[in-house]
């Protein structure tokens, strides 16, 4: 498989600079989707948080997370590949055959050719966004059973989210509801299979995105003169065959994904289980942060954290004050707010060598996130 094109100046894949815009509001925007936003975030966080929540409450939330992420991925693929979606729909001609051999010879060849191209494009997106080492399954040798419905991935950024990504992608192109299952076939390698089937009925009317009006920002970036991505993004190491992105400053793996899957799942859990679940999620993030970060470099200025949050697409920090007694900050246009609260706790404890801390937070009517952390 040919590697994606890179910017000749900064080395960032063109598929990043041409699709996303790091705005002055602290968002990573999708120009042809005004309501959409993405984050550039530590990928180990995703499954670790889901696992941590499950361990604390004793209930798996994987199916809820998959359902929300499926919707986001389907919408994203329809936005960036509209012509391919339309073309494949025309080739199928409204039919939904059980086997490709059920189609006429000409349409059969067209479906396989288009399916191969679409699968390649979707796999390229996954490689560029840090989703892992994605490979076609051997079912391409037995073409009759829609071979793109089976994938092998090694070292996924999140097996929960990647399963939903694959599900949403195939639904976008095949235009029908699907179900997905995965199994670990070797160490950190998974076989995923997608088949026609209904979505969980109980989640149909749930997991709606709550949106706030965005506020103008004041964030500036040093950008690549050719592709326009911030210099901090260009400093990361893209290993495209392996589908990984490494932040050289921290050594941690990063990925690009839609944060609404996290936010809506957590809001849904609050509606189902009550407000106490929010503290559970924050605590899971605090533990993750302390286990995966260190104290070095975290006694920084508010401007450093403002840049840190903006590069990740987490919002615009407009107020930051920290001393040995407490940390207070305000974030405009925030996303993944529970992760930000837990991270703020972890960093504050690491900076001051504390075992524990207390937190208070709220979202104002305009959506701003206010956080205060103090030592216990």
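Numbering (the numbering used here), first residue to last: 1 to 376. Note that CB positions come from ideal geometry on N, CA and C, so glycine has one too.
Under 8 Å by Cβ, that's how I've got residue 148 and residue 119 pegged, so tell me the actual separation to the nearest angstrom.
The residue given as residue 148 occupies position 148 in the chain shown. The residue given as residue 119 occupies position 119 in the chain shown. Yes, they are in contact, since the Cβ atoms of residue 148 and residue 119 sit about 4 Å apart, within 8 Å.
Within the continuous beta strand (DSSP E) that includes residue 178, where are the two ends?
Here residue 178 corresponds to residue number 178 of the chain shown, with the count starting at 1. Start and end: 178-186.
Rank 319, 181, 262 by C-alpha distance to the C-alpha of residue 339 and give the top, closest one.
For the purposes of this step, residue 339 is taken as the residue at position 339 of the chain shown. The shortest C-alpha separation from residue 339 is found at 262.
Going straight from the alpha carbon of residue 265 to that of residue 179, what length do you get?
The sequence position of residue 265 within the chain shown is 265, counting from 1. The sequence position of residue 179 within the chain shown is 179, counting from 1. Approximately 19 Å between the Cα atoms of the pair.
I'd like the ranges of any beta strand (DSSP E) spanning at least 3 consecutive residues and lying wholly in the stretch 187-274.
When DSSP assignments are scanned along the stretch 187-274, the uninterrupted stretches of beta strand (DSSP E) that are 3 or more residues long and fall wholly within it turn out to be 189-196, 237-239, 244-246, 253-257.
For a minimum of 3 consecutive residues, which ranges assigned as the beta strand (DSSP E) are wholly contained in the stretch 40-114?
Within the stretch 40-114, no complete beta strand (DSSP E) run reaches 3 residues.
Residue nearest to residue 193 in terms of C-alpha spacing, selected from 213, 214, 224, 171:
Residue 193 sits at position 193 when you count from the first residue of the chain shown. Comparing Cα-Cα distances from residue 193 to each of 213, 214, 224, 171, the minimum goes to 171.
Nearest to residue 123 by CA position, among 158, 250, 152, is which residue?
Taking the first residue of the chain shown as 1, we reach residue 123 at position 123. Of the candidates 158, 250, 152, the one whose C-alpha sits nearest the C-alpha of residue 123 is 152.
For residue 353 and residue 333, believed in contact at Cβ under 8 Å, the rounded distance:
Against the chain shown, residue 333 aligns to sequence position 333. Against the chain shown, residue 353 aligns to sequence position 353. Actually they do not touch by this definition, with Cβ atoms about 32 Å apart.
The stretch 214-222 in contact with the stretch 182-191 per 3-pair CB rule at 8 Å:
Touching, no, given that fewer than three Cβ pairs across the two stretches are closer than 8 Å.
Whole angstroms is fine: what's the gap from residue 375's alpha carbon to residue 344's?
As a working mapping, residue 375 is identified with position 375 in the chain shown. As a working mapping, residue 344 is identified with position 344 in the chain shown. Their backbone Cα atoms lie some 12 Å apart in a straight line.
Where does residue 136 sit, in a helix, a strand or coil, going by DSSP?
Sequence index remark: in the chain shown, residue 136 carries index 136 (1-based). Residue state, collapsed to three classes: strand.
Cβ shell of residue 290 (< 7 Å), same chain only, five flanking positions each side left out:
Walking along the chain shown from the start, residue 290 turns up at place 290. Closer than 7 Å at Cβ, skipping near neighbours: 346, 349, 350.
Burial state of residue 285 (16 or more Cβ within 10 Å)
Here the question's residue 285 lines up with position 285 in the chain shown. Flag for residue 285 reads buried.
At the level of alpha carbons, what is the spacing between residue 321 and residue 327?
By 1-based counting over the chain shown, the position of residue 321 is 321. By 1-based counting over the chain shown, the position of residue 327 is 327. Residue 321 and residue 327: Cα-Cα distance of roughly 6 Å.
Which of the three DSSP states, helix, strand or coil, is assigned to residue 318?
For the purposes of this step, residue 318 is taken as residue 318 along the chain shown, with counting starting at 1. Note: residue 318 maps to strand in three-state DSSP.
First through last residue of the alpha helix (DSSP H) which encompasses residue 285:
Residue numbering aside, residue 285 sits at position 285 when the chain shown is read from its first letter. Note, residue 285: alpha helix (DSSP H), 276-292.
Go to residue 18, then tell me how far its beta strand (DSSP E) extends in each direction, as first and last residue.
What you label residue 18 is simply residue 18 of the chain shown in a count that begins at 1. Unbroken run through residue 18: none, as it is neither H nor E.
Please report how far the alpha carbon of residue 371 lies from the alpha carbon of residue 278, in whole angstroms.
For the purposes of this step, residue 371 is taken as residue 371 along the chain shown, with counting starting at 1. For the purposes of this step, residue 278 is taken as residue 278 along the chain shown, with counting starting at 1. Approximately 14 Å, taken between the alpha carbons.
Where the beta strand (DSSP E) containing residue 131 begins and where it ends
The residue given as residue 131 occupies position 131 in the chain shown. Here residue 131 belongs to no beta strand (DSSP E), and DSSP marks it neither H nor E.
Along the chain, where does the alpha helix (DSSP H) that runs through residue 167 open and close?
Counting from one through the chain shown, the residue named residue 167 turns up at place 167. Taken as a continuous stretch (DSSP letters only), the alpha helix (DSSP H) holding residue 167 covers 159-174.
Closest Cα partner of residue 341 within the set 317, 99, 156, 243:
Sequence index remark: in the chain shown, residue 341 carries index 341 (1-based). Here the closest residue by C-alpha is 317.
For my contact list, residue 245 and residue 255 are in at a C-beta cut-off of 8 Å; report their separation, rounded to the angstrom.
Within the chain shown, numbered from 1, the residue matching residue 245 stands at position 245. Within the chain shown, numbered from 1, the residue matching residue 255 stands at position 255. That pair is a contact at about 6 Å.
Which stretch, first to last residue, makes up the beta strand (DSSP E) that contains residue 151?
Reading the chain shown from its first residue, position 151 is the one you call residue 151. Per DSSP, residue 151 belongs to the beta strand (DSSP E) from 150-154.
Residues in its own chain within less than 8 Å of residue 450 by CB, not counting five upstream and five downstream?
Past the edges of the chain, shown from 1 to 376, lies residue 450, and the structure says nothing about it.
Identify the continuous beta strand (DSSP E) that holds residue 329 and give its terminal residues.
The residue labelled residue 329 in the question sits at position 329 within the chain shown. 326-332 is the span of the beta strand (DSSP E), which, as asked, contains residue 329.
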